[in-house]
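J.: All you need for this note's numbering is the position in the sequence shown, starting with 1, plus 58.
Think of the CB as a built atom: it goes at the ideal place given N, C-alpha and C, for glycine as much as any other residue.
Just so we're clear, the structure is a prediction, and the values are computed from it rather than from any experiment.
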Amino acid sequence: MAAAALVGALLWAVLPRVTPVTIQVSTSYGTVNGVEEQTVSVNAIPQQVYAFRGIRYARPPLGWLRFLPPKEPERWVTQPDAPREPCVQLRPSDGTVHGKEDCLYLDVYTPKNFKDLQGNLPVVVLIAGADFQTGSKEDVTAGYDYGINSILVVVNYRLGAIGFLSTEDTHGPGNLGLWDQQAALKFVKENIASFGGDPSKITLM
59 MAAAALVGAL
69 LWAVLPRVTP
79 VTIQVSTSYG
89 TVNGVEEQTV
99 SVNAIPQQVY
109 AFRGIRYARP
119 PLGWLRFLPP
129 KEPERWVTQP
139 DAPREPCVQL
149 RPSDGTVHGK
159 EDCLYLDVYT
169 PKNFKDLQGN
179 LPVVVLIAGA
189 DFQTGSKEDV
199 TAGYDYGINS
209 ILVVVNYRLG
219 AIGFLSTEDT
229 HGPGNLGLWD
239 QQAALKFVKE
249 NIASFGGDPS
259 KITLM
């Protein structure tokens, strides 16, 4: 209950500006694009923040990579377009399948003045989803309470049989969703300073 209350206190609805201002940040794999957004917090005080959405942290787990641990993403010149769909999963409401297998992306939310903070902000990494079966970073239609000066990272990972089925051999080692989470944390550790975060102060939730 305490953890759920803390997450609830950190998140709020994001209301995008009519004309977002684009900003770019360089990572070890390429440049990523962010947009300026105005948020409304629980105390109704507007905040100007940057949202960097759809950052690829691993290669698309397709073809021969489908049931293998994630591989480092290839470098890009232009940030790849990230699908808005979640990782493949069953809808709890009707049992139908939805989502995409190319889903290993993360979102980063920063205070507007992150470039002035010299990489000193603590970082919260939120692993979206429930019971390794459902959920997505897209469920977090929220920014972050930047009044406490932190960076929020929200992560997608493979779910269900695609993420956790094991054949108990090298062809299907299993727990791929956990490998995905580890790959995302590695990406964050290596690149979060570019977004104003301190790689030595990462909290996983």
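1) Under the rule that 16 or more other beta-carbon atoms within 10 Å means buried, what is V135, buried or exposed?
2) Buried or exposed: T154, going by 16 or more other Cβ atoms within 10 Å of its Cβ?
3) Could you tell me which residues DSSP pairs with C161 in its beta bridges?
4) Looking at G121 and A109, is the spacing between their C-beta atoms short of 8 Å?
5) Can you list, in chain order, the residues of its chain with a C-beta nearer than 6 Å to that of G157? Leave out the 5 residues immediately preceding and following it.
6) Once you ignore the five residues that flank V166 on each side, which residues in its own chain have a CB closer than 7 Å to its CB?
7) What residue range does the alpha helix (DSSP H) around G88 cover?
8) What does the Cβ neighbour count give for K129, buried or exposed, with the cut at 16 atoms within 10 Å?
9) Ordered along the chain, which non-local residues of its own chain (more than five positions away) have a Cβ less than 8 Å from that of V198?
10) Return the CA-CA distance between K247 and P257, expressed in angstroms with no decimal places.
11) Take Q105 as the anchor and find which of V182, P169, R149 and L179 has the nearest alpha-carbon.
12) Going by CA-CA distance only, name the one from D238, Q191, P127 and Q96 that's closest to R149.
13) Does DSSP put G205 in a helix, in a strand, or in coil?
14) Please list the terminal residues of the continuous alpha helix (DSSP H) segment that includes L236.
15) Determine whether the beta carbon atoms of G235 and L223 lie at a separation below 8 Å.
16) When the Cα atoms are used, what is the spatial distance from F125 to V181?
T.: Let me spell this out:
1) exposed
2) exposed
3) The partner list for C161 (beta bridge, DSSP) is empty, contrary to what the question assumes.
4) no
5) E143, P144, C145, V146 and Q147
6) F110, I113, I209, V211 and F253
7) That residue, G88, is in no alpha helix (DSSP H); it is neither H nor E in DSSP.
8) exposed
9) Scanning its chain for C-beta atoms nearer than 8 Å, with the 5 sequence neighbours on each side dropped, one finds around V198 the residues L69, D165, L184, A186 and V212, in chain order.
10) 5 Å
11) It is P169 whose Cα lies nearest to the Cα of Q105.
12) Closest option to R149, Cα to Cα, is Q191.
13) Unreliable positioning characterises G205 in this predicted model, as indicated by a pLDDT of 49, which lies under 50. The coordinate reading is nonetheless provided below. Here G205 sits in helix by DSSP.
14) Segment L234 to N249, the alpha helix (DSSP H) holding L236.
15) Going by C-beta atoms, G235 is not nearer than 8 Å to L223.
16) 30 Å
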